[in-house]
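Input: a single structure, listed below in structure tokens.
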Amino acid sequence: MRRSKAAKRGASIAAIAALALAASACSSSKSGGSASGSAAKDPASVKGTVTWWDTSDATNEAPNYQPIIKAFEAKYPNIKVNYVNVPFSDAEDKFKTAAQSGSGAPDVLRADVGWTPAFAQLGYLQPLDGTPALADDSDYMAGPYASDHYNGKIYGVPQVTDTLSLLYNKDLLAKAGITTPPKTWDELKTDSLQIKAKTGADGTFLDAASYYLLPFIYGEGGDIIDASAKKITVNDATALKAVGIAQDLVKSGAAVTDVTKDGYNNMQTAFKDGKVAMVVNGPWSTADDLKGSAFGNADNLGVATVPAGSVKAGAPVGGHNLVVYAGSKNLDASYLFIAYLNDAQNQATIAAKNNVLPTRTSAYSDPQVANNKILSAFQGPLKNAVGRPPVAGASDLFTPLDTDYQAILGGQKSPQAALNDAATQFAQILPGFSKS
Amino acid sequence: MSAATESVNPATPGRAAGQATNQAAGRAVAEPRKKYSRTKRSPLASVAIHATLIAASFIAIFPIVWVALTSLKTKDGQWAHPGDFSHLNFGNYSQVLNDTDFLTWFRNSLIVSLGTMALAVFIAATCGYAVSRMRFPGFRATMWLLLVVQMFPIAVLIVPLYNIMSKLHLVNSFGGLILVYCTTAVPYCAWMLKGYFDTIPIDIDEAGKVDGLSPFGTFWRLVLPLARPGLAVTAFYSFLTAWAEVAFANTFMQSSDKYTLAVGLRTFVSQYKGEWGLMTAASVLIAIPAGVMFLLVQRNLVAGLTSGSAKG
Amino acid sequence: MRPLKSLGRSFEKYWYGWAMAAPVVIVMLVLVGYPFIWGAYLSTTNADESNIGHDIGVNHIPPSYHSVGLHNYWDILSGNDGHFYSTLTWTLIWTFVNVFFHITIGLGLAVLLNRKIRFRGGYRLMLILPWAVPGFVAAFAWRLLYNDNGVFNAVLKYFGMHGVQWLAQPTSAKIAVIAVNVWMGVPFMMVSFLGGLQTIPKELYEAAEMDGATAWQRFRMVTLPGLRPVMMTVTLLGVIWTFNKFDVIFLVTEGGPAGSTDILVTHAYQVAFANIRQYAEAASYGVVILSMLLVFATVYRRSQAKLEVQA
């Protein structure tokens, strides 16, 4: 049991917040650290090298940032950008390790929306209030921008937003005689079995990560925690029912899954090769999908809202923020870089090329975005997206839940036992939350 | 700890073998010695032996061969089609060399491994000699220290070392990682070198004493040159250990310009990314020099490994 | 307490020994001793990532962890942490099975290679190759073989069978990681035994043969006793290395599925560096693991010494 840890964490939150506040008030004494210093007054005079850890897909997405970086360096000849691609799955651990040690951390990080409050809580992030990094911040959509606010300060800007949706292979559905993609999990089960019987391809590939469990839980009207009531709801009857639906999809043969750490890649491979007809995944994956033999014709890729449970259809809001490391020696240059990378024009360019959803309202009127079929197709799912609980430790919940969800899908634990275990571990991560 | 995984204890006394030899000698005296004629192996036995060895060799090389084959598959996702041997070319190799930080990682691995090797052998040599030749108060404690530290699991040191190195700003630096590797490389080198010095006749030292050399002079001028092969093998082992270390490198090296190969390669195949083409090509590029070097020195390695138990 | 005079004399006498051993001893005390003590101290606190303290730019956060006595040890040893005993059991199985196969296969191959046969050099070269490949490269290679779309499943499907998700079920994943480690570890054992075999005097075999001993008897009465010193060393080393073997598990399964292939060291690493970083608990795990190894090594050496005396 790690009871002691939980208590201590709660205590340190307040300490960190107070310290950060006090420290930022006197930060102007530090060279280059002035909150609204030289970067705002005379951008051209700012010198330095900005190391940026980008967590986007190294082969499909990363190359599209290079022209923007070049243009930035041309505009600010005294600033160099050191672009580093870090795999998304490693970035959280790597950043934590580097940030705490004070060596090797980047100046700017592309952080998952879930990580941002946790990093801010640990004191790893620089508050951006009053800096050029927040240029035109009234343009940001409220949902994604909310993840950057922690304890009354703003620790990042939203770079992309996303949600999960049902991606499907139109050919395979047509071959199986299915005209519209399934709207509920029940339909998905029937359709999948029909696809399997008629085409030989698997119906659905379910990712075994717990993030992909959320649409099932939201579909029944539940959530893993109830932030306002400070309750852990991951093992309540609603969640149990939701997990039962996912488990039944796998048990009945309607869906295949893979609980190994190559699971996501194997899902992508199967979908790209036309060996599976449907997956639940986000817009970020479509650039990769379109490289597959099944989607030589891009129109074959269908996008629909995730199937609904008995209550509604819902998927989590995801996305990434650009945040600045508190220990950065190039704060001013970092602010300018973020402002440039995230202006409406560049957001629209990246969004259109990488099939990701911009966070600036104005970017959506850019023709590049407006004419992108996949992005348009994601507008519907985005309307049904469910915001994540505004709790600093929320992103840490997925690690224990992954283990338990995999044990359920692998048949090593009963849903109730596994979810109870998850709830126990949640209680250790979230001090002050009660188990239901 | 994985850094200790290649370490070898060459200093086990071969008492049992010695006893057996004495018994044999006794028996040879007791019975008049006949001409030795080994029973001829039946053809069937020969076939069985070869079949076993062929099967074992196949298992030994198959994964390596398969990786080499896969590395030539260049079409997106082709690695996932084991039977598809179309489009074989060196595209993955040029991508690894040109579009990734592979060469930087390779250089970093060399820096860290060579640094560890040089530092560890340099520090360890005198100690190995001291515990081989001299009996001084604290001798047993020193020997015990050398042995026990090799047993340290990575989990004991990694947390405190990370926190200490953080305070010293040695995380994400080559120097820091070399120091960390020395925690296992130094005791292991000292231990292994002791084994080698044990095999050098004590007469050499006495000759040095007669010539008026100090113990250190004897060591430096007479013993060390004779121990050169031992030094080489010890150095090679400590190099290999550092070269293949995963856990510390993964924790201590945070930016791509500092990654060693063991860390960098992981980025090709992560949870959301399966660039097996790049992974296999990089693997071949690492395995070829490592393998060639290994095979060149392996005769000596074998001699080094067994010298302790043979000559104990 | 010794009189000063004799201390001075002994200093003169042992000066060289001390001076020459000093660099290693000092380096060990600084690089191993100090961190070890620090780690042992951490293990009695509740330190984690949020209270360990750090100075980052504008954020100065002082350490705020405090002592919890032996709470962490109690947590682990009482089984309250929910992982220790299951992980320990699997670690023991992992160690025993691996070392068993390393030694038996290594010994078998060494005996075969020690005979006069054709292509001996070629076989030897191929059999030694897994050792020449760096461990992390080998681990990735096997992960590729075990992949759902890997060659093992392709072969199964070719023969009309269903593919197996090798790393997805605890049992098959355990067998899979053991297979990888056996593959990696056999060459070292084989080479060590080959060296050992070459030190056994030929006369012994001649004598045994003249006594009418069968091949099996010669193996049992001559080969095995002759190999005892090598055997003792490699068994001890094999157990320690396998017990602490990090890279195979970490790179092939990362402990999955659902933590079932985590051995103690990989579990401790996960506790320390994955998700919320529980430094204190990880340090306690480290101390517990080290204590177990020390006990094992001591008992093993004692028992072997006794055996030798009896023989």
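Sequences listed follow chains A, B and C, in order. Throughout the first sequence, residue numbering follows this note's numbering, covering 50 to 485 in sequence. Throughout the second sequence, residue numbering follows this note's numbering, covering 4 to 315 in sequence. Throughout the third sequence, residue numbering follows this note's numbering, covering 7 to 317 in sequence. Ideal placement from N, C-alpha and C gives every residue a C-beta, glycine not left out.
Find out if the Cβ-Cβ distance for the pair residue i, residue j is shorter than 9 Å.
| i | j | result |
| --- | --- | --- |
| C/V183 | C/W137 | no |
| B/L225 | B/L234 | no |
| A/I387 | A/V206 | yes |
| C/R121 | B/I52 | yes |
| A/V162 | A/S196 | yes |
| B/P163 | C/N250 | no |
| A/G21 | A/K321 | Shown here, chain A extends from 50 to 485; a query on residue 21 of chain A therefore has no answer. |
| C/T285 | B/P218 | Before going further, note that residue 285 of chain C is Tyr rather than Thr in the sequence given. No; because the gap between Cβ atoms is not below 9 Å, this pair is not in contact. |
| B/T129 | B/F222 | yes |
| C/I269 | C/W96 | yes |
| A/A250 | A/G345 | no |
| B/Y96 | A/S138 | no |
| B/I181 | B/T119 | yes |
| A/K119 | A/Y267 | no |
| A/T473 | A/K462 | no |
Just grab the DSSP bridge partners of residue i for me.
| i | result |
| --- | --- |
| C/H322 | Residue coverage of chain C in this structure runs from 7 to 317, which leaves residue 322 of chain C outside it and unanswerable. |
| A/N370 | A/A160, A/P207 |
| B/G277 | B/V272 |
| C/M216 | Its beta-bridge partners do not exist; DSSP assigns none. |
| A/A357 | A/T233 |
| A/A434 | A/A364 |
| A/S483 | A/K280 |
| B/L91 | B/K76 |
| A/K129 | A/T98 |
| A/D275 | A/K280 |
| B/K212 | According to DSSP, B/K212 bridges with nothing at all. |
| C/H60 | C/I67 |
| A/K202 | A/Y199 |
| A/L350 | A/N218 |
Around the C-beta of residue i, are 16 or more other C-beta atoms found within 10 angstroms, so that it is buried, or is it exposed?
| i | result |
| --- | --- |
| B/M195 | buried |
| B/R269 | buried |
| B/V1 | The requested residue 1 of chain B does not occur in the structure, where chain B is confined to residues 4 to 315. |
| C/I99 | exposed |
| C/R149 | buried |
| B/N92 | exposed |
| A/K310 | buried |
Identify whether residue i lies in helix, strand or coil by the three-state DSSP scheme.
| i | result |
| --- | --- |
| C/N52 | coil |
| B/T24 | Interpretation of B/T24 is limited by its pLDDT of 36, a score under 50 that renders its predicted location unreliable; the figure taken from the coordinates is listed afterwards. Looking at B/T24 - three-state DSSP - the assignment turns out to be helix. |
| C/Y326 | Coverage of chain C is limited to positions 7 through 317, which leaves residue 326 of chain C absent and any answer about it impossible. |
| B/M296 | helix |
| A/G179 | coil |
| B/M256 | coil |
| B/P205 | Per the sequence shown, residue 205 of chain B should be read as Ile rather than Pro. In the structure shown, B/I205 sits in a helix (DSSP, three-state: H, G or I). |
| A/R409 | strand |
| A/F121 | helix |
| A/L289 | helix |
| A/F254 | strand |
| C/Y129 | helix |
What I want to know is whether the C-beta of residue i ends up closer than 8 Å to one or more non-hydrogen atoms of the ligand NAD.
| i | result |
| --- | --- |
| C/Q284 | Only the bare structure without any ligand can be found here, which leaves the ligand NAD out of the picture. |
Any chance the segment 366-376 of chain A sits against the segment 338-357 of chain A, with 3 or more Cβ pairs inside 8 Å?
-> Between the segment 366-376 of chain A and the segment 338-357 of chain A, the count of C-beta pairs closer than 8 Å stays below three; the two stretches do not touch.
Would you check if there are 3 or more beta carbon pairs closer than 8 Å linking the segment 389-408 of chain A to the segment 216-228 of chain A?
-> With the cut-off at 8 Å, the segment 389-408 of chain A and the segment 216-228 of chain A do not touch.
With a cut-off of 8 Å, do at least 3 Cβ pairs link the segment 457-477 of chain A to the segment 232-251 of chain A?
-> Short answer: they don't touch.
Would you be able to state if there are at least three C-beta pairs under 8 Å between the segment 437-454 of chain A and the segment 421-429 of chain A?
-> No, they do not touch.
Touch check for the segment 108-115 of chain A and the segment 322-342 of chain A: three-plus C-beta pairs under 8 Å?
-> The segment 108-115 of chain A is in contact with the segment 322-342 of chain A.
Contact between the segment 172-190 of chain C and the segment 321-333 of chain A (3+ Cβ pairs under 8 Å) = Flag = no, the segment 172-190 of chain C and the segment 321-333 of chain A do not touch.
The segment 130-146 of chain C / the segment 78-98 of chain B touching (three or more Cβ pairs under 8 Å) = Fewer than three Cβ pairs drawn from the segment 130-146 of chain C and the segment 78-98 of chain B lie within less than 8 Å of each other, which leaves the two stretches out of contact.
Should the segment 112-127 of chain A be regarded as contacting the segment 235-248 of chain B, the criterion being three or more beta carbon pairs within less than 8 Å?
-> Contact between the segment 112-127 of chain A and the segment 235-248 of chain B is absent, because fewer than three Cβ pairs lie under 8 Å.
Indicate whether the contact test is met: 3 or more Cβ pairs, each with one atom in the segment 213-225 of chain C and one in the segment 70-78 of chain C, closer than 8 Å.
-> By the criterion of at least three beta-carbon pairs nearer than 8 Å, the segment 213-225 of chain C is not in contact with the segment 70-78 of chain C.
May I ask you to verify whether the segment 41-49 of chain C touches the segment 286-295 of chain C, counting CB pairs closer than 8 Å and requiring at least 3?
-> The answer is yes - the segment 286-295 of chain C touches the segment 41-49 of chain C, with three or more Cβ pairs under 8 Å.
Please determine if the segment 25-39 of chain C and the segment 121-131 of chain A are in contact, where contact requires at least 3 C-beta pairs separated by less than 8 Å.
-> Under the Cβ criterion (8 Å, minimum of three pairs), the segment 25-39 of chain C does not count as touching the segment 121-131 of chain A.
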